[in-house]
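Protein chains in written order, with UniProt numbering: chain A, 1 to 211; chain B, 1 to 211; chain C, 1 to 211; chain D, 1 to 211. Some notes on the structure that comes next.
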DNA sequence: CATGAATGAGTTTTCATTCAT
DNA sequence: GATGAATGAAAACTCATTCAT
């Protein structure tokens, strides 16, 4: 949302020297802090530069805009949150759907809790910046595809109700979990953590019609 | 002295003449249109005034700020959306939980669809304006209380699983429905309308463990 | 979001480069000219920026407000006006009270005359801006303390009437001189300069009961 | 200082009905209160109308502007403050200069104290509105003429030093008294009331060289 | 006379982005 | 690459004054 002269936006090239890479990393880390405390709209490039202890102009040697650095910050987060579980135990086909769902919910729950401040800002930016919304929807689709595949698989095995559309169900259940955690951690509806997770598990399992 | 600097935001008094009331109503209606087409952030007071065919300053003799008129627009919408169903058929205790849930989902679905443009903006403002967020959370709590009471009632009758916490379930299921419709109508995941509603019904019913 | 609304007045940091320092100095000097010709209330930031040949926004990268730059302009003036006389002859204890008072009055008179235009604005701002009033009252107290000490000293030596309270007398006599010069130079009661100074001297000396 | 469309300012005619006269009086009285609490610049026509319990527009049936009603408020005050003392004792030529000055100072002191809030605003407006400044300077000259005549008279009688110019002395001493009381009652230099008056008396008497 | 709604020019302040060093 | 000063378009908000009833 440029106010001054129309933007030309030289997209900076990736850093080549080691010093450049370090500065860039400092900026990303500073940006995360600033976004978490100020929100996206109120975050100032000046604050980010200050927090990173670099000059104002240095920001623009590394990122073309506030949106761009936010994308970077969010991407790092997404990578952490939706990383295939290294052990991938909860994906182990040997385990029952119930076990796998509970495992999956717990991991998401813990990730969400740890990153609640930033998740709140992500909600905000999603409502404001179309490019970022697209990025997030992409992640959503990837996750939905994964869940959808699992649901279909279970349907084929007769473990899950066939009345539901796997793709829609994947979206809906992810929405339920995500949104409930938002309410829990961001809005601050004060409910017992374990109770929330337990109820989410039951609802998820029931929704899918798992025996 | 300076004019552009807000000293203490004058809250205008409600109009006493019919003429004043009409102008105010024109402003609210114009504001809704502008918000729907421009979004909250990009909506300009100037545009609202222009759309209502009044002078710039007239806006400020009726509302103290963009936030304030948005509250009004949203309140009107909420009133429409969460109005007790006049016939209240879906609340009829004679009907089965399944029938009542399906009815309730359908009504919300239709309301949401009809007001999708504004609902999208509401999501946006909720992320931006704490006062508005509080307003919306109040609505959420009222609805959750209503649903929660029904769930509890059904649990007592043995119609619904007692493994779930009614209050959390109320929030979670409302989140699921609401968010899925957002994805459907706002984000534009292109899915068949009937399929969405049908799947939401099944998920809802399953989640509650209704036989 | 909105740009026109002051969120938290950024207090800019002092310039670190010579270029910045020069621009800042140009602004202060331009501001003085604008204040002198337009008065404080009618002075526009735009005029100051134009007079300093910088862009509008440049003003705000050096000062947070019109009040702030005025403080700077006035501080420079006060420093000049109330600087200890370099030669400090009029403070020379060897001189008689009469000589010292006459000397002191003359210096103040000449300073006032030279800076009459700005002094008029200072009177104006003092009535309008509480922060500035505090600044000026601070100066008044410092000067009163100095005069008061001298009066007390003379009282101890039997040179000045002991019927008067030194502190109140210091304020009152300073008021008399200051205000009379305002009437003379600002309001423009057209009286002969030498006559004014001479009468002020006599009044001052008589008021203190100096033999 | 019109902001909107250039002023045409129909100067309202004096009220002819009794109702009109009452409304007008209510406005003047309300204006005084508002000016005292808000100052001139921050006083809003709206506040004055509200305090007088009349409609906004009614103000303009009686006064063409904020300046105009302030003139009225201030004129009432001046009339009270500089009214010839009904008993005119302090003017009694039989009394000594010292007695007359002390009496005069005391009366001014008490008037000032009683009206300190409004006096402060008068200082403010004097710095802002040239018309009002002229009004006040007129009052000053009238008073100075009166004092000047007395001083001259005393000089002829050999009671007062002839080294001083009566006209300048009249202004200067009035300034001293006035300004000291401003500092005392408005700025709030916390000094004992009796001490101030006593010292002012001594300074005044000494300044004039009264034996 | 009283009412109160309508008017709109004028000013401040913000801050993303550019650019000379 | 880093620095930090300069830029200026954009928008909100105020309130004295007018005017139709």
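Ideal Cβ placement from N, Cα and C applies to all residues, glycine included.
Starting from residue 28 of chain C, trace the alpha helix (DSSP H) both ways and give me its first and last residue.
Segment 18-42, the alpha helix (DSSP H) holding residue 28 of chain C.
Against residue 236 of chain A, what residues of chain B qualify as contacts under a CB-to-CB distance less than 9 Å, listed in chain order?
It is not possible to answer for residue 236 of chain A, since the shown part of chain A is limited to 1 through 211.
Determine the closest residue to residue 74 of chain A out of A:133, A:162, A:12, with distance taken between C-alpha atoms.
Per the Cα distances, A:133.
Can you tell me whether residue 214 of chain B is buried or exposed? The criterion is at least 16 other CB atoms within 10 Å of its CB, across all chains shown.
Here chain B comprises residues numbered 1 to 211, so residue 214 of chain B is not present and cannot be evaluated.
Step through the CB atoms of chain B and report whether any lies within less than 8 Å of the CB of residue 196 of chain A.
Closer than 8 Å to some Cβ of chain B, the Cβ of residue 196 of chain A qualifies, so yes.
In three-state DSSP terms, what is residue 209 of chain B?
It is coil, neither helix nor strand.
Residues of chain C with a CB under 7 Å from the CB of residue 208 of chain D: which are they?
Ordered by position in chain C, the residues that pass the 7 Å Cβ test against residue 208 of chain D are 206.
If the cut is a Cβ gap below 7 Å, which residues of chain B does residue 151 of chain A touch?
Simply none; closest approach about 11 Å.
Distance, Cα to Cα, residue 128 of chain A vs residue 137 of chain B?
Distance between the alpha carbons of residue 128 of chain A and residue 137 of chain B: 20 Å.
Could you pull the start and end residues of the alpha helix (DSSP H) that residue 113 of chain D belongs to?
Taken as a continuous stretch (DSSP letters only), the alpha helix (DSSP H) holding residue 113 of chain D covers 97-114.
Give me the Cα-Cα distance between residue 159 of chain D and residue 153 of chain D, rounded to the nearest whole angstrom.
Roughly 9 Å between the two C-alpha positions.
When the Cα of residue 204 of chain B is compared with those of B:64, B:99, B:48, B:52, which residue comes out closest?
Residue B:99 is the option with its Cα nearest to residue 204 of chain B.
Starting from the N-terminal side, write out each stretch of the beta strand (DSSP E) that is 3 residues or longer and does not extend beyond the stretch 166-204 of chain B.
Within the stretch 166-204 of chain B, no complete beta strand (DSSP E) run reaches 3 residues.
Residue 146 of chain C touches chain D at which residues, Cβ-Cβ below 7 Å?
Ordered by position in chain D, no residue passes the 7 Å Cβ test against residue 146 of chain C, which lies about 16 Å from the chain.
Would you decide whether residue 206 of chain A is buried or exposed? Buried here means 16 or more other CB atoms lie within 10 Å of its CB.
Result: buried.
Output the distance between the C-alpha atoms of residue 208 of chain A and residue 70 of chain A, rounded to the nearest integer angstrom.
One C-alpha to the other measures close to 36 Å.
Please state the DSSP three-state secondary structure of residue 63 of chain C.
In the structure shown, residue 63 of chain C sits in coil (DSSP, three-state: anything other than H, G, I, E or B).
Taking buried to mean at least 16 other C-beta atoms within 10 Å of its own C-beta, is residue 177 of chain C buried or exposed?
Residue 177 of chain C comes out buried.
If I'm right that residue 200 of chain D touches residue 105 of chain D with Cβ under 8 Å, what's the distance once you round it to whole angstroms?
Going by Cβ atoms, the distance from residue 200 of chain D to residue 105 of chain D rounds to 6 Å, so yes, they are a contact pair.
Residue 62 of chain B: which of B:16, B:168, B:44 sits nearest, CA to CA?
The option with the nearest alpha carbon to residue 62 of chain B is B:16.
Assign residue 68 of chain A to one of three DSSP states: helix, strand, or coil.
Residue 68 of chain A: helix per DSSP, three-state reduction.
Buried or exposed: residue 32 of chain B, going by 16 or more other Cβ atoms within 10 Å of its Cβ?
With 16 or more other Cβ atoms within 10 Å, it is buried.
Under 8 Å Cβ to Cβ from residue 38 of chain D, same chain only, skipping five residues before and after it: list those, please.
Excluding residues within five positions, the ones whose Cβ falls inside 8 Å are 44, 47.
Distance cutoff 8 Å, beta carbons only. Does residue 82 of chain D sit that close to anything in chain C?
No, residue 82 of chain D does not count as interfacial toward chain C.
Find out if the Cβ-Cβ distance for the pair residue 112 of chain A, residue 197 of chain A is shorter than 8 Å.
Their beta carbons are not under 8 Å apart, which means residue 112 of chain A does not touch residue 197 of chain A by this criterion.
From A:54, A:179, A:164, pick the residue whose C-alpha is nearest to that of residue 22 of chain A; which is it?
Taking only the C-alpha atoms, the option nearest residue 22 of chain A is A:54.
For residue 83 of chain D, which of helix, strand or coil comes out of DSSP?
Coil.
Thinking residue 195 of chain B and residue 165 of chain A are a contact (beta carbons under 8 Å), I'd like their distance in whole angstroms, please.
Correct: roughly 6 Å between the Cβ atoms.
Start and end of the alpha helix (DSSP H) containing residue 149 of chain B?
Element bounds for residue 149 of chain B: 130-156.
Taking the alpha-carbon positions, what's the residue 168 of chain D to residue 125 of chain D distance?
Taking the straight line from one Cα to the other gives about 24 Å.
Exposed or buried, which one is residue 162 of chain C when buried takes at least 16 other CB atoms within 10 Å?
Residue 162 of chain C comes out exposed.
Going by alpha carbons, who is nearest to residue 121 of chain D out of D:77, D:56, D:64, D:60?
When only C-alpha atoms are compared, the closest one is D:77.
Taking the CB atoms as reference points, tell me whether residue 148 of chain C and residue 174 of chain C lie closer together than 8 Å.
Cβ distance not < 8 Å, so residue 148 of chain C and residue 174 of chain C don't count as in contact.
Is the Cβ of residue 200 of chain B closer than 8 Å to any Cβ of chain A?
Yes - at least one Cβ of chain A is within 8 Å of the one on residue 200 of chain B.
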